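Trainee:
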Amino acid sequence: MTSELMAKSGDRVVTMKKLDISFAMRVACDHLSYRSLIEEIEGDLERVRRAETTSTEGLLRLLESFYSQVRAHFALEEKGGLFEVYREHDSGLRQQATVMLAQHRDFLERMRRILEVASHIDRPDGPEFEQCARELGELFRALREHELVEDTLLDRLVEQDIRHGS
2 MTSELMAKSG DRVVTMKKLD ISFAMRVACD HLSYRSLIEE IEGDLERVRR
52 AETTSTEGLL RLLESFYSQV RAHFALEEKG GLFEVYREHD SGLRQQATVM
102 LAQHRDFLER MRRILEVASH IDRPDGPEFE QCARELGELF RALREHELVE
152 DTLLDRLVEQ DIRHGS
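When we follow my numbering, the leftmost residue of the sequence shown carries the number 2, and every step to the right adds one.
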């Protein structure tokens with residue numbers, strides 16, 4: 002999902018990985034897709050809270066789907082070479098990439114714990130449900146922030162590649 006870019010550095014030629022534009026587009030489309038699913042889950046949470054339903058089955062299905070989608074998205078980014086490209090750029094970008102990669106593990110673990118708790122909630126009321134909803138809201142905020150940073154980095158990489166004659 003990446004290609005090589007030759008750059009002259011002093012008297013030597015340095016080969017840097019560059020981002021494949023179609024790969025960047027796929028990552029960006031994934032972001033839009035799971036942002037949409039986040040909104041659907043938030044809507045379902047609100048319906049449950051307003052007692053429009055007495056079951057958490059629909060919410061649990063959405064959460065399972067979301068977990069699968071995010072897990073596949075993170076694997077795409079990691080196996081597709083996105084972080085390798087980040088690491089070959091300036092130290093600020095490398096540092097952000099390291100933080101974002103660690104966030105992937107954290108987000109998946111948090112989502113797994115939320116799913117575990119949600120699977121044992123029979124009724125959409127009570128402290129367990131509210132705690133689960135709070136943790137989910139915190140996770141969604143963190144994911145949105147993560148993806149915003151990542152979108153900015155992707156834009157920056159694509160712009161650099163275009164400027165340097167991709």
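All C-beta atoms, glycine included, are put in the ideal place defined by N, C-alpha and C.
Nothing here was measured: the structure is a model prediction, and the numbers come from that model.
Alpha carbon to alpha carbon, what distance is there between His165 and Cys133?
Mentor: The count along the sequence shown starts at 1 and reaches residue 133 at position 132. The count along the sequence shown starts at 1 and reaches residue 165 at position 164. If you take the alpha carbons of Cys133 and His165, they lie about 47 angstroms apart.
Trainee: Candidates Ser56, Arg27, Met26: which alpha carbon is nearest Asp123's?
Mentor: Against the sequence shown, residue 123 aligns to sequence position 122. If we check each option's Cα against that of Asp123, Ser56 comes out closest.
Trainee: Can you tell me where the alpha helix (DSSP H) holding Asp107 begins and where it ends?
Mentor: Within the sequence shown, the letter at position 106 stands for residue 107. Per DSSP, Asp107 belongs to the alpha helix (DSSP H) from 92-119.
Trainee: Sort out for me which residues DSSP pairs Leu60 with in a bridge.
Mentor: Here residue 60 corresponds to residue number 59 of the sequence shown, with the count starting at 1. Paired residue(s): none; Leu60 is not in a bridge.
Trainee: Give me the Cα-Cα distance between Val100 and Leu64, rounded to the nearest whole angstrom.
Mentor: Stepping through the sequence shown from its first residue, residue 100 is reached at position 99. Stepping through the sequence shown from its first residue, residue 64 is reached at position 63. Their backbone Cα atoms lie some 25 angstroms apart in a straight line.
Trainee: Could you pull out every residue in the same chain whose Cβ sits closer than 6 angstroms to the Cβ of Gln70, ignoring the five residues on either side in sequence?
Mentor: Translated into the one-based positions of the sequence shown, residue 70 becomes position 69. So the list reads Tyr35, once near-sequence residues are dropped.
Trainee: Would you decide whether Leu155 is buried or exposed? Buried here means 16 or more other CB atoms lie within 10 Å of its CB.
Mentor: In the sequence shown, residue 155 corresponds to position 154, counting from 1. So Leu155 counts as buried.
Trainee: Return the chain-ordered list of same chain residues with a C-beta closer than 8 angstroms to the C-beta of Ile115, the five sequence neighbours on each side being excluded.
Mentor: Here residue 115 is taken as the residue at index 114 of the sequence shown, counted from 1. Closer than 8 angstroms at the Cβ level, and outside the excluded window around Ile115, lie Leu64, Cys133, Glu136, Leu137, Leu140.
Trainee: Buried or exposed for Leu60, going by 16 or more other Cβ atoms inside 10 Å?
Mentor: Within the sequence shown, residue 60 is the residue found at index 59, counting from 1. The residue in question, Leu60, is buried, as its Cβ has 16 or more Cβ neighbours within 10 Å.
Trainee: For Asp107, does the count of other Cβ atoms within 10 angstroms reach 16, so buried, or fall short, so exposed?
Mentor: Walking along the sequence shown from the start, residue 107 turns up at place 106. Asp107 comes out exposed.
Trainee: With 16 as the cutoff for other CB atoms within 10 Å, does Glu40 come out buried or exposed?
Mentor: If you number the sequence shown from 1, residue 40 lands on position 39. Result: exposed.
Trainee: Please report the residue range of the alpha helix (DSSP H) in which Glu85 lies.
Mentor: The residue given as residue 85 occupies position 84 in the sequence shown. 83-88 is the span of the alpha helix (DSSP H), which, as asked, contains Glu85.
Trainee: Determine whether the beta carbon atoms of Leu20 and Val86 lie at a separation below 7 angstroms.
Mentor: Along the sequence shown, read from residue 1 onward, the residue named residue 20 stands at position 19. Along the sequence shown, read from residue 1 onward, the residue named residue 86 stands at position 85. Cβ distance < 7 angstroms, so Leu20 and Val86 count as in contact.
Trainee: Would you kindly check if the distance between the Cβ of Val159 and the Cβ of Ala29 is under 7 angstroms?
Mentor: In the sequence shown, counting from the first residue as 1, residue 29 sits at position 28. In the sequence shown, counting from the first residue as 1, residue 159 sits at position 158. No, the Cβ-Cβ distance between Ala29 and Val159 is not below 7 angstroms.
Trainee: Decide if Thr16 is buried, meaning its Cβ has at least 16 other Cβ atoms within 10 Å, or exposed.
Mentor: Numbered from its first residue, the sequence shown carries residue 16 at position 15. Reliability of the predicted coordinates at Thr16 is poor, the pLDDT of 49 falling under 50, and no value is obtained from them.
Trainee: Where does Pro128 fall in DSSP's three states?
Mentor: For this step, residue 128 is matched to residue 127 along the sequence shown. Three-state result, Pro128: helix.
Trainee: Give a single yes or no on whether Glu160 has its beta carbon closer than 6 angstroms to a heavy atom of the ligand FAD.
Mentor: Looking for the ligand FAD in the displayed structure turns up nothing, as the structure carries no ligands at all.
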